[in-house]
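Colleague: Below are the structure tokens for one structure; questions will follow.
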Amino acid sequence: MSLWRRRPSRSRRKCPYRAIGQRTIKIVPERSRRNRVQHPSYHGLSKCLIAGGRNPDRNDESRFSTAPARGTRPGFPEGRYDVEETPPEEDGDGVARPQVGEIPTGSGKGGGKKLFVSFTISAVIVLGLIVYAYSLFLYVEDTNQLYEGDEGEDPLEIQVVAEQFRFTYVYPDGTTTEELRIPKDRPILVNVTSQDVMHNFGVRELRVKADAIPNQYNEAWFQAEETGTYEAICYELCGVGHSNMRGEEVIVMEPQEFNDWYDSSGAEAAEVSG
0 MSLWRRRPSR
10 SRRKCPYRAI
20 GQRTIKIVPE
30 RSRRNRVQHP
40 SYHGLSKCLI
50 AGGRNPDRND
60 ESRFSTAPAR
70 GTRPGFPEGR
80 YDVEETPPEE
90 DGDGVARPQV
100 GEIPTGSGKG
110 GGKKLFVSFT
120 ISAVIVLGLI
130 VYAYSLFLYV
140 EDTNQLYEGD
150 EGEDPLEIQV
160 VAEQFRFTYV
170 YPDGTTTEEL
180 RIPKDRPILV
190 NVTSQDVMHN
200 FGVRELRVKA
210 DAIPNQYNEA
220 WFQAEETGTY
230 EAICYELCGV
240 GHSNMRGEEV
250 IVMEPQEFND
260 WYDSSGAEAA
270 EVSG
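Residue numbers (numbering that gives the first Met the number 0): 0 to 273.
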């Protein structure tokens, strides 16, 4: 027989704890109750059957009770073992900490009130976010409301027609140009479509972008706050000349200057049609 004996692991040398109902118990061998010496075969107690955790012959709530147990591993000593009931740990405010497998009930000093208040605040925040997101969605979808300025000014509606490889702009009076001229500080509503393949009309500086699809109109709106010249770009690969479908053709003008140009262009269009 070998004289060498394997030393049990740390997890096996620890005194096991078991939970019965809502009580936590600690099992200690009877012969080592005085000095609480850890027995090398404590790991066998995980398979012991504990009868209730109390002495059935006594009516009082004894701190120690005895239950018979027999080891299930070879060499486990026979005998009787004491069951020591240990109360659950408590926080500094005197409230017991929740045990493993136990659902917190919020009991204790102000526990139920805190739980109710936290749940109510969380529900109000979530509902507020839902209502805000839904109202914002409706506000964005209702484009007519966005076009109403401070004085109720109607937006200027312009039709944008894309084709390989250019954009054409049609104004309400029938004026057709290859340059988009718009007034400053006035909402602009563009109806974007295409005559051949799919395109995408966009002006990066004015934060406007819309797909141009044949036989379909897509609406987009924007409002320029500064005068200047900007670049309209096709953001959809539409053929071999796609790279040429860009240029400085969006001109933001002062309102009076735009009105003068619009009146003169309308007269010219009438003369050409006549």
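Backbone N, C-alpha and C fix where the C-beta goes; we use that ideal spot for every residue, glycine too.
#1: Provide the residue(s) that pair with Ile157 in DSSP beta bridges, ordered along the chain.
#2: Taking the alpha-carbon of Leu205 as reference, which of Asp195, Gln255 and Glu248 has the nearest alpha-carbon?
#3: Please classify Phe200: is it buried, with 16 or more other beta-carbons within 10 angstroms of its beta-carbon, or exposed?
#4: Can you check whether the CB of Met244 is closer than 8 Å to the CB of Arg165?
#5: Helix, strand or coil for Thr119? Go by DSSP, reduced to three states.
#6: Measure from the C-beta of Leu179 to each C-beta in chain C and report whether the shortest distance is under 8 Å.
#7: Could you please give the first and the last residue of the uninterrupted beta strand (DSSP E) stretch that includes Thr167?
#8: Per DSSP, what kind of secondary structure is Ala132 in: helix, strand or coil?
#9: Which residues in the same chain as Gln158 place their Cβ atom closer than 6 Å to its Cβ, once the five residues preceding and following it in sequence are excluded?
#10: Could you please give the first and the last residue of the uninterrupted beta strand (DSSP E) stretch that includes Ala275?
#11: With a CB to CB cut of under 8 Å and the five nearest residues on each side skipped, what residues in its chain are close to Val196?
#12: For Thr167, collect the residues of the same chain with a Cβ closer than 7 Å to its Cβ; drop the 5 residues on either side in sequence, then sort them by chain order.
#13: With the cut-off set at 8 Å, would you say Ala211 and Thr192 are in Cβ contact?
#14: Rounded to whole angstroms, what's the CA-CA distance from Lys208 to Tyr131? Just pull it up for me.
#15: Hey, how far is the Cα of Ile187 from the Cα of Met252?
#16: What's the gap between the Cα of Glu235 and the Cα of Phe221?
#17: So Tyr231 packs on Leu179, CB below 8 Å; how close in whole Å?
#18: In this structure, does DSSP put Glu256 in helix, strand or coil?
#19: Does the distance between the C-beta of Lys183 and the nearest non-hydrogen atom of the ligand SAH fall short of 7 Å?
#20: Assign Pro171 to one of two classes, buried (16 or more other C-beta atoms within 10 Å of its C-beta) or exposed (fewer than that).
#21: Comparing alpha-carbon positions, which option in Asn258, Arg203, Asp153 and Gly240 lies nearest Tyr229?
#22: Please classify Pro182 as buried or exposed, where buried requires at least 16 other C-beta atoms within 10 Å of its C-beta.
#23: Exposed or buried, what is Ala122 when buried is set at 16 or more other beta-carbons lying within 10 Å of its beta-carbon?
#24: With DSSP as the reference, label Ala68 as helix, strand or coil.
#25: Closer than 7 Å by C-beta to Asn217: which residues in its own chain qualify, once you throw out the five before and the five after it? Chain order, please.
#26: Here's a check: name, in chain order, each residue in its chain whose Cβ is nearer than 7 Å to the Cβ of His198, leaving out the five neighbours to either side.
#27: Only counting the same chain, and skipping five residues up and downstream in sequence, which positions put a Cβ closer than 7 Å to that of Ser264?
#28: Assuming Gly201 is part of the beta strand (DSSP E), what are its boundary residues?
#29: Report the three-state DSSP secondary structure of Gly246 (helix, strand or coil).
Modeller: In short, the structure shows the following:
#1: Here residue 157 is taken as the residue at index 158 of the sequence shown, counted from 1. According to DSSP, which records beta bridges pairwise, Ile157 is partnered with Val189.
#2: For this step, residue 205 is matched to residue 206 along the sequence shown. Here the closest residue by C-alpha is Glu248.
#3: Against the sequence shown, residue 200 aligns to sequence position 201. Buried, by the Cβ-count rule.
#4: For this step, residue 165 is matched to residue 166 along the sequence shown. For this step, residue 244 is matched to residue 245 along the sequence shown. Cβ distance < 8 Å, so Arg165 and Met244 count as in contact.
#5: Position 120 of the sequence shown, counted from the first residue, corresponds to residue 119. In the structure shown, Thr119 sits in a helix (DSSP, three-state: H, G or I).
#6: Chain labels in this structure do not include chain C; a single protein chain is all it has.
#7: For the purposes of this step, residue 167 is taken as residue 168 along the sequence shown, with counting starting at 1. Looking at the DSSP string, the run of the beta strand (DSSP E) that includes Thr167 is Arg165 to Val169.
#8: Against the sequence shown, residue 132 aligns to sequence position 133. Ala132 falls in the helix class under three-state DSSP.
#9: Within the sequence shown, residue 158 is the residue found at index 159, counting from 1. Same-chain partners within the cutoff: Val169 and Asn190.
#10: As displayed, the chain neither begins before 0 nor continues past 273, which places residue 275 out of reach and without an answer.
#11: If you number the sequence shown from 1, residue 196 lands on position 197. Excluding positions up to five away in sequence, the list reads Gln163, Pro213, Cys237 and Gly238.
#12: Mapped onto the sequence shown, residue 167 falls at position 168. Answer for Thr167: Val160, Thr175 and Glu177, listed in chain order.
#13: Here residue 211 refers to the residue found at position 212 of the sequence shown. Here residue 192 refers to the residue found at position 193 of the sequence shown. Yes, they are a contact pair.
#14: For this step, residue 208 is matched to residue 209 along the sequence shown. For this step, residue 131 is matched to residue 132 along the sequence shown. Taking the straight line from one Cα to the other gives about 25 Å.
#15: Counting from 1 along the sequence shown, the entry for residue 187 is found at position 188. Counting from 1 along the sequence shown, the entry for residue 252 is found at position 253. In a straight line, the C-alpha of Ile187 is about 13 Å away from that of Met252.
#16: Within the sequence shown, the letter at position 236 stands for residue 235. Within the sequence shown, the letter at position 222 stands for residue 221. Roughly 20 Å between the two C-alpha positions.
#17: Locating residue 231 in the sequence shown gives position 232, where the first residue counts as 1. Locating residue 179 in the sequence shown gives position 180, where the first residue counts as 1. The amino acid occupying residue 231 in the given sequence is Ala; Tyr does not appear at that position. Between Leu179 and Ala231 the Cβ distance is about 7 Å, and since that is below 8 Å, they are a contact.
#18: The count along the sequence shown starts at 1 and reaches residue 256 at position 257. Looking at Glu256 - three-state DSSP - the assignment turns out to be helix.
#19: Of the ligands one can find in the structure shown there are none, so the ligand SAH has no counterpart to examine.
#20: To locate residue 171, count along the sequence shown from 1; it is residue 172. By the 10 Å Cβ count, Pro171 comes out exposed.
#21: Here residue 229 is taken as the residue at index 230 of the sequence shown, counted from 1. Considering only alpha carbons, the answer is Arg203.
#22: On the sequence shown, position 183 is the one that residue 182 refers to. Here Pro182 is buried: its Cβ has 16 or more other Cβ atoms, across all protein chains shown, within 10 Å.
#23: Residue 122 sits at position 123 when you count from the first residue of the sequence shown. Ala122 should be labelled exposed.
#24: In the sequence shown, the residue the question calls residue 68 occupies position 69. Per-residue confidence for Ala68 stands at a pLDDT of 47, beneath the threshold of 50, marking its modelled position as unreliable; no derived number is given.
#25: Looking up residue 217 in the sequence shown gives position 218. Answer for Asn217: Val191, Ala209 and Asp210, listed in chain order.
#26: Within the sequence shown, numbered from 1, the residue matching residue 198 stands at position 199. Taken in chain order, the residues that qualify are Ala161, Ala211, Cys233, Glu235 and Cys237.
#27: Counting from one through the sequence shown, the residue named residue 264 turns up at place 265. Taken in chain order, the residues that qualify are Thr174.
#28: Counted from its first residue, the sequence shown places residue 201 at position 202. Gly201 -> beta strand (DSSP E) spans His198 to Val202.
#29: Taking the sequence shown and counting its residues from 1, one reaches residue 246 at position 247. Three-state result, Gly246: strand.
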